[in-house]
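Colleague: Questions regarding the structure given below will be posed in turn.
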Amino acid sequence: MDDTSANKASRAVDIGGDAAGPVIAGDYNVVIDAKSGSQVSLLTERRRPEPVRRKQIELLPRAQSAPIGREAALAALNAAVRQGGSVQLSGPTGSGKSALLRHAARTAPAGPDGVIFLSAATREADDLAQEIFEACYDADGYAPSRSELRRLMKNLRVTVYLDDADLELRPLRDLTDAAPEATFVFTAERRVPLDDLTVIEVEGLTEQAWRRLLERTLNRPVPAAAHAEVERLRQAADGRPLVLQRAAALAAFDTSGALVLPQAGRIADLVPLLIDQLDAAPAAVLGLLATMAGADLSVVHIAALTDAADAEAEAACSRLVELGLAEPTEHGYQCHPDIVAAFRARHPDPFPVDALCAHFVRWLPQPSTTRAEVAAAARALERTAQLAAESGRDDQVVQLIRAGSPAMARALRFGMWGRLLGRGWIAAQKTGDRSAAAYFMHEEGIRSLLTGRRVLAAALLAEAALVWKELGNLHAAQAAQQAQQFIPDAPPPSAPPVS
Numbered sequence: 004m005d006d007t008s009a010n011k012a013s014r015a016v017d018i019g020g021d022a023a024g025p026v027i028a029g030d031y032n033v034v035i036d037a038k039s040g041s042q043v044s045l046l047t048e049r050r051r052p053e054p055v056r057r058k059q060i061e062l063l064p065r066a067q068s069a070p071i072g073r074e075a076a077l078a079a080l081n082a083a084v085r086q087g088g089s090v091q092l093s094g095p096t097g098s099g100k101s102a103l104l105r106h107a108a109r110t111a112p113a114g115p116d117g118v119i120f121l122s123a124a125t126r127e128a129d130d131l132a133q134e135i136f137e138a139c140y141d142a143d144g145y146a147p148s149r150s151e152l153r154r155l156m157k158n159l160r161v162t163v164y165l166d167d168a169d170l171e172l173r174p175l176r177d178l179t180d181a182a183p184e185a186t187f188v189f190t191a192e193r194r195v196p197l198d199d200l201t202v203i204e205v206e207g208l209t210e211q212a213w214r215r216l217l218e219r220t221l222n223r224p225v226p227a228a229a230h231a232e233v234e235r236l237r238q239a240a241d242g243r244p245l246v247l248q249r250a251a252a253l254a255a256f257d258t259s260g261a262l263v264l265p266q267a268g269r270i271a272d273l274v275p276l277l278i279d280q281l282d283a284a285p286a287a288v289l290g291l292l293a294t295m296a297g298a299d300l301s302v303v304h305i306a307a308l309t310d311a312a313d314a315e316a317e318a319a320c321s322r323l324v325e326l327g328l329a330e331p332t333e334h335g336y337q338c339h340p341d342i343v344a345a346f347r348a349r350h351p352d353p354f355p356v357d358a359l360c361a362h363f364v365r366w367l368p369q370p371s372t373t374r375a376e377v378a379a380a381a382r383a384l385e386r387t388a389q390l391a392a393e394s395g396r397d398d399q400v401v402q403l404i405r406a407g408s409p410a411m412a413r414a415l416r417f418g419m420w421g422r423l424l425g426r427g428w429i430a431a432q433k434t435g436d437r438s439a440a441a442y443f444m445h446e447e448g449i450r451s452l453l454t455g456r457r458v459l460a461a462a463l464l465a466e467a468a469l470v471w472k473e474l475g476n477l478h479a480a481q482a483a484q485q486a487q488q489f490i491p492d493a494p495p496p497s498a499p500p501v502s
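Numbering of the sequence shown is given in the numbering used here, commencing with residue 4 and proceeding in unit increments.
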């Protein structure tokens, strides 16, 4: 099996169930309706899922070269994991903390019950908890309630690696509480005051490690005469490996064999110089990734949007990674955050938002589009909706989220589902599309019911039923009214303390 096949195999967790059929969330059976709003019914015990624990819990990141000069940090990480509690790798962008985390996920001893690696960038804690559950159990289209999730996860001793987990304290604590016996290891730029947390600072590379990494990147020794210039470059870059990768891409050996490096005082010029040397295909892909800043795209989407064959798109992405302009993710590729401004300075026109919306509106309802693929594209869908809104194309936002809402609900990513519904409702209000606004309100009422927000669910479903009636859609109004009967009563007030 080659590296690409191995990477795909390591990420193969089937969400399960019919991608167009009903889903089960907590105590509810949900029929997702893309036109008139979803319907819910109480789950009978006979139909309640019985999740089966996976024989092998292993969700690994892509394979990569071993990081150089990180032996001490890796030893400290392994020691902290053995002691239990949570571990944070902290450091600035480009310091290599993500590379260290990925290496540890693949090479460090797994927890007694397995290992899970996830990207947490811009993710909701509830969605991450659902993904951890799906990695541990054959889920078959099932999202357990919080209490049921905790029961199912309480004895599982897995090590969970989270990249870019810049969550607030409360969501992060909720996530760790959802799997109380798991050990969480995560990267984040700012420190989090989490209980029993060990923080490991990922600092810049030492002089020797910096030179070793440069030699591996160049695939030849660094001449002794260049050592001083290499050290000046390291100091200017604070030892950040990403800067070295970019500098190495611009390095050359002259006819005498001397190494010619970018000047240490011109580190800020590395990215513009690399962009200027791009061929047409990588430049087109980088333009797309820069437009989607903060969201990754699979090769399938990149190929379709740039009108390239999959192999051509993959080659272009690999070239961008080699130059330090993009990075591979678990589902595709994304550009580094500092690339966007430099690319826009040379190419002011972003990728056409009309093409992005049209692509996803076509792709989402296709029978071949799986729940897992929708879940992987969640951030790309949100970014596309944001771009359309910023371009004043609220009609396209409505169209995109009408297509994306049922798909995200079936994918059981209720956190992102809510974010999309919020954007859709705002766009529908701006365009005066009352039917779309009622639909988004109805779906948010259903989502609130499924996630235990009783008061909000009651208010939204009641309002949606009224609007549906005014619009003459009695089927949708009945669905909203019917859902209201399943909203739990408020718990009785606590008895006053006995003096």
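Just so you know, even glycine gets a beta-carbon here, dropped at the ideal spot from N, CA and C. Computed from a prediction, not measured in an experiment: that's the story for all the values here.
Given a threshold of 16 other Cβ atoms within 10 Å of its Cβ, counted over all protein chains shown, does Gly242 qualify as buried or as exposed?
Modeller: Sequence index remark: in the sequence shown, residue 242 carries index 239 (1-based). The residue is buried, with at least 16 neighbouring Cβ atoms inside 10 Å.
Colleague: In chain order, what residues of the same chain have a beta carbon less than 8 Å from the beta carbon of Gln484, not counting five sequence neighbours either side?
Modeller: For this step, residue 484 is matched to residue 481 along the sequence shown. For Gln484, where only same-chain residues beyond five positions count, the Cβ hits under 8 Å are Leu464, Ala468.
Colleague: On the DSSP bridge assignment, give the partners of Thr201 in chain order.
Modeller: As a position in the sequence shown, residue 201 is number 198, starting the count at 1. DSSP, once it has assigned bridges, lists Val90 as partnering Thr201.
Colleague: Quick one: which unbroken alpha helix (DSSP H) runs of 4-plus residues sit fully inside the segment 325-373? Chain order, please.
Modeller: 342-349, 356-366
Colleague: Assign Ala318 to one of three DSSP states: helix, strand, or coil.
Modeller: Sequence index remark: in the sequence shown, residue 318 carries index 315 (1-based). Helix, per DSSP.
Colleague: Considering only the beta carbon of each residue, do Glu134 and Leu121 sit closer than 8 Å?
Modeller: In the sequence shown, the residue the question calls residue 134 occupies position 131. In the sequence shown, the residue the question calls residue 121 occupies position 118. For Glu134 and Leu121, yes; Cβs fall inside 8 Å.
Colleague: Do Leu216 and Leu247 have their CB atoms nearer than 8 Å?
Modeller: As a first step, residue 216 is located in the sequence shown; it is residue number 213 there, counting from the start. As a first step, residue 247 is located in the sequence shown; it is residue number 244 there, counting from the start. In this structure, Leu247 lies closer than 8 Å to Leu216 by Cβ.
Colleague: Within 10 Å of its beta-carbon, does Arg382 have 16 or more other beta-carbons around it, so buried, or fewer, so exposed?
Modeller: Translated into positions along the sequence shown, residue 382 becomes position 379. The residue is buried, with at least 16 neighbouring Cβ atoms inside 10 Å.
Colleague: Which of helix, strand or coil does DSSP assign to Ile429?
Modeller: Sequence index remark: in the sequence shown, residue 429 carries index 426 (1-based). Looking at Ile429 - three-state DSSP - the assignment turns out to be helix.
Colleague: Between Ala430 and Ala380, is the Cβ-Cβ spacing less than 8 Å?
Modeller: To locate residue 430, count along the sequence shown from 1; it is residue 427. To locate residue 380, count along the sequence shown from 1; it is residue 377. Taking 8 Å as the Cβ cut-off, Ala430 and Ala380 do not qualify as a contacting pair.
Colleague: For Pro196 versus Arg160, is the C-beta distance shorter than 8 Å?
Modeller: The sequence position of residue 196 within the sequence shown is 193, counting from 1. The sequence position of residue 160 within the sequence shown is 157, counting from 1. No. Outside cutoff.
Colleague: Alpha carbons only, please: which of Asp492, Asp167, Ser408, Val324 is nearest the one belonging to Arg422?
Modeller: Reading the sequence shown from its first residue, position 419 is the one you call residue 422. The option with the nearest alpha carbon to Arg422 is Ser408.
Colleague: Roughly how many angstroms lie between the CA atoms of Ala66 and Asp130, to the nearest whole one?
Modeller: Here residue 66 refers to the residue found at position 63 when the sequence shown is read from its first residue. Here residue 130 refers to the residue found at position 127 when the sequence shown is read from its first residue. Going by the C-alpha atoms only, they are around 25 Å apart.
Colleague: State the start and end residues of the unbroken beta strand (DSSP E) segment that holds Ser122.
Modeller: Position 119 of the sequence shown, counted from the start, is the residue given in the question as residue 122. It spans 117-122 - the beta strand (DSSP E) in which Ser122 sits, taken as one unbroken run.
Colleague: Between the beta-carbon of Phe443 and the beta-carbon of Gly418, is there less than 8 Å?
Modeller: Within the sequence shown, numbered from 1, the residue matching residue 443 stands at position 440. Within the sequence shown, numbered from 1, the residue matching residue 418 stands at position 415. Cβ atoms of Phe443 and Gly418: not closer than 8 Å.
Colleague: Kindly identify the DSSP beta-bridge partner or partners of Asn32.
Modeller: Within the sequence shown, residue 32 is the residue found at index 29, counting from 1. When DSSP reads this structure, Asn32 sits in a beta bridge with Ile27, Ser44.
Colleague: Specify whether the segment 94-107 and the segment 150-170 touch according to this definition: at least 3 beta carbon pairs, one from each stretch, less than 8 Å apart.
Modeller: yes
Colleague: Work out the CA separation of Gln487 and Arg3 for me, nearest whole Å.
Modeller: Only positions 4 to 502 of the chain appear in this structure, which leaves residue 3 out of reach.
Colleague: Please name the residue, chosen from Ile71, Gln91, Ser68, that lies closest to Ala79 on a Cα-to-Cα basis.
Modeller: Locating residue 79 in the sequence shown gives position 76, where the first residue counts as 1. It is Gln91.
Colleague: Which same chain residues, not among the five before or five after His350, have their C-beta less than 7 Å away from its C-beta?
Modeller: The residue you call residue 350 lines up with position 347 of the sequence shown. Gly290.
Colleague: Counting along the chain, where does the alpha helix (DSSP H) carrying Phe565 start and finish?
Modeller: The first residue shown for the chain is 4 and the last is 502, placing residue 565 beyond what the model contains.
Colleague: Which residues share a DSSP beta bridge with Val195?
Modeller: Residue 195 sits at position 192 when you count from the first residue of the sequence shown. Partner(s): none; Val195 has no beta bridge.
Colleague: With DSSP as the reference, label Phe489 as helix, strand or coil.
Modeller: Taking the sequence shown and counting its residues from 1, the one referred to as residue 489 is at position 486. Coil, per DSSP.
Colleague: Closest to Ser259 by C-alpha separation, out of Ser98, Asp279, Gly268, Ala228, would be which residue?
Modeller: As a working note, residue 259 is residue 256 in the sequence shown. Ranking the options by Cα distance to Ser259, first place goes to Ala228.
Colleague: Report the CB separation of Pro265 from Leu273 in whole angstroms; it is logged as a contact under 8 Å.
Modeller: Taking the first residue of the sequence shown as position 1, residue 265 is located at position 262. Taking the first residue of the sequence shown as position 1, residue 273 is located at position 270. Their Cβ separation, rounded to whole angstroms, is 6 Å, which keeps Pro265 and Leu273 in contact under 8 Å.
Colleague: What residues are listed by DSSP as bridge partners for Asp166?
Modeller: Translated into positions along the sequence shown, residue 166 becomes position 163. According to DSSP, Asp166 bridges with Ser122.
Colleague: Please name the residue in Ala231, Val225, His339, Glu234 whose C-alpha comes closest to that of Ile278.
Modeller: Walking along the sequence shown from the start, residue 278 turns up at place 275. Ranking the options by Cα distance to Ile278, first place goes to His339.
Colleague: Tell me Val55's beta-bridge partners as DSSP assigns them.
Modeller: Against the sequence shown, residue 55 aligns to sequence position 52. DSSP, once it has assigned bridges, lists Asp141 as partnering Val55.
Colleague: Can you grab the Cα-Cα spacing for the pair Gln399 / Leu474, in whole Å?
Modeller: Within the sequence shown, residue 399 is the residue found at index 396, counting from 1. Within the sequence shown, residue 474 is the residue found at index 471, counting from 1. Cα-Cα distance, rounded: 22 Å.
Colleague: According to DSSP, Val263 sits in a beta bridge with which residue or residues?
Modeller: Counting from one through the sequence shown, the residue named residue 263 turns up at place 260. Paired residues: Ala255.
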